[in-house]
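Position 125, counted from 1, in the sequence shown is what the UniProt record's numbering calls 125; the numbers after and before it change by one each time, with no gaps.
The C-beta atom is built at its ideal place from N, Cα and C for all residues, glycine as well.
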Amino acid sequence: RMAAAPPSYCFVAFPPCSKDGLVVFGKNSARPRDEVQEVVYFAAAEHEPGSKVECTYIEIEQVQKTHAVVLSRPSWLWGAEMGANEHGVCVANEAVVTREPASESEALLGMDLVRLGLERGATAKEALDVIVALLEEHGQGGNYYEDGSSCHTFQSAFLIVDRNEAWILETSGKYWAAEKITEGVKCICNQLSLTTKIDAEHPELRNYVKSQGWWNGDSDFNFSEVFSLADDHLACCSGRESLEKQGGDVSARAMIDVLRDKDSGVCVDSESFLTTASIVSVLPQDPSFPCIHYFTGTPDPSRSIFKPFIFVDDVKSVPKVQSPSFGDDDPAKKIPRFQEKPDRRHELYKAHEWARSLLENDQDKGQKLMRIMLDLEKQGLEAMEDILSRTEILDPAEVVDLFYDCVDTELKFFK
């Protein structure tokens with residue numbers, strides 16, 4: 001039996017389930033317990049014709065212009081688990097297992113495709129088109145984990161969202177299908193979810209599955225049934241009910257509460273996996289308002305706080321949530337790969353390790369610290385709600401240091 005895919009959860013809520021014309025997006029990234037995730041920003045850039053971009057394992061053609069992106073990513077790789085771009089597009093991926101074994105040969109990782117979609121797509125549909133074109137050209141494959149002893153490979157699913165619509169894209173090798181969402185609540189997790197409502201697909205998809213003998217062409221074409229290993233594609237999502245219960249009031253806070261919920265299984269803390277980072281994004285359907293992206297940058301959202309980021313020019317970079325860079329000496333870049341594991345912890349991650357031991361050893365002090373942290377988070381959420389309820393246009397100078405200041409304040413409390 002193939003190794004289980006890490007149980008990450010991604011959500012999107014549209015009106016009428018979400019508040020005041022907002023689209024709310026969220027993801028818990030479940031990864032190996034000791035993996036460090038960093039939050040990184042890359043400015044928009046122009047590139048010379050013919051230039052290349054070095055992804056995690058392979059080099060591909062660069063495009064002329066890449067959009068500004070903010071990413072939450074395992075710090076050993078090029079791509080991202082989740083992130084957003086300056087045009088209000090958010091993408092998250094899920095590792096999935098299908099009846100086709102994922103390729104071990106190095107190609108694009110699902111996580112590389114997250115970043116490529118964000119850098120090259122100004123809408124959700126553009127990001128989807130970018131991802132499937134690159135999948136066709138380069139394929140997906142290679143180790144999902146920083147592990148020199150064995151190769152863990154998966155197929156990919158994606159949740160791609162903008163201010164107007166979302167696309168659920170599910171893939172197996174280079175074959176894919178996608179469903180468009182414009183209302184209600186949707187959740188994707190580490191198994192296929194698309195059934196018979198397919199709004200876009202690989203042109204050869206149906207011929208391919210017929211040639212494999214997986215579908216006879218007579219019954220309704222059901223993507224999950226055709227591509228899943230067993231009947232495990234039915235009851236995916238435990239967080240969805242809690243969002244639907246909000247009855248038209250899903251906001252950043254409601255999404256954060258769902259991501260923190262350990263009882264539902266959405267917040268993963270198991271022997272092999274941990275929620276190593278989380279994101280919540282609020283995308284106002286009215287384009288005169290800014291999109292707001294909240295990142296933890298640290299493991300376990302029930303013990304972390306969500307800090308806001310808004311795209312403006314010259315946004316201040318935040319080295320304290322960036323892992324050290326090892327350049328060409330990085331064991332992830334040398335062949336054979338991952339022969340050793342360098343210390344990738346960033347400053348905020350280290351501070352959280354200290355806080356965690358405090359929580360475990362001195363309950364009173366730990367709880368007090370947690371209360372202070374949650375109060376800090378609440379102030380940030382209130383300030384952002386204020387920005388979204390104003391009539392005047394946001395002054396970029398007001399938020400250029402926003403994420404930086406939040407991380408800085410958080411670190412001060414730990415000291």
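Notebook entry, point to check: Helix or strand or just coil, what does DSSP make of R99?
Noted result: coil
Note to self: Tell me the rounded alpha-carbon separation between P308 and I292.
What the structure shows: 6 Å
Note to self: Between which residues of its own chain and Y9 is the CB-CB distance below 6 Å, once the five residues before and five after are set aside?
What the structure shows: N28, C189, G239, V266
Item checked: Beta-carbon proximity of L192 to S228, cut-off 9 Å -> For L192 and S228, yes; Cβs fall inside 9 Å.
Next item on the list: Report, in whole angstroms, the separation of the C-beta atoms of V407 and K316, which I expect to be a contact under 8 Å.
Entry: 10 Å between Cβ atoms; not a contact.
Check: Taking DSSP as the reference, what is the three-state secondary structure of C406?
Finding: DSSP places C406 in the helix class (H, G or I) of the three-state scheme.
Note to self: Any contact between the segment 107-121 and the segment 81-96? By contact I mean 3 or more CB pairs, one from each, below 8 Å.
What the structure shows: yes
Checklist line | Where S302 falls: helix, strand or coil (DSSP) | finding: helix
Note to self: Let me confirm a value: N207 is counted as buried when at least 16 other C-beta atoms fall within 10 Å, else exposed. Which label applies?
What the structure shows: Exposed, by the Cβ-count rule.
Note to self: Spatial neighbours of G366 within its chain, please: C-beta separation below 8 Å, excluding the five flanking residues on both sides.
What the structure shows: A355, L358, L359, E360
Notebook entry, point to check: If you run the structure through DSSP and keep just helix, strand and coil, what is L118?
Noted result: helix
Margin query: Taking the straight line between their C-alpha atoms, what separation do you get for G121 and D386?
Written below: 29 Å
Margin query: Less than 9 Å between the C-beta atoms of S72 and V39, yes or no?
Written below: yes
Item checked: Rounded C-alpha distance that separates F42 from V91 -> Whole-angstrom Cα-Cα distance: 15 Å.
Margin query: Is the beta carbon of L402 closer than 9 Å to that of I279?
Written below: no
Notebook entry, point to check: Tell me which same chain residues have a C-beta within less than 6 Å of the C-beta of P16, skipping the five on either side of it?
Noted result: G248
Item checked: Three-state secondary structure assigned by DSSP to Y208 -> DSSP places Y208 in the helix class (H, G or I) of the three-state scheme.
Next item on the list: With DSSP as the reference, label N361 as helix, strand or coil.
Entry: helix
Note to self: Here's the rule: buried if 16 or more other CB atoms are within 10 angstroms of the residue's CB, otherwise exposed. What is N85?
What the structure shows: buried
Margin query: Suppose the cutoff is 8 Å on Cβ atoms and the five residues either side in sequence are ignored; what does the same chain contact list for E353 look like?
Written below: R345
Margin query: Which runs of the beta strand (DSSP E) at least 3 residues long sit entirely within the segment 299-359? Give them in chain order.
Written below: 307-309
Notebook entry, point to check: From P6, V209, F306, F14, pick the residue whose C-alpha is nearest to that of Q246; which is it?
Noted result: Closest by C-alpha distance to Q246, out of P6, V209, F306, F14, is F14.
Notebook entry, point to check: Sorted by chain position, which residues of the same chain lie with C-beta nearer than 8 Å to residue 417's C-beta, five sequence neighbours on each side aside?
Noted result: Nothing in the structure corresponds to residue 417, since the chain is present only between 1 and 415.
Check: Helix, strand or coil for L394 per DSSP?
Finding: coil
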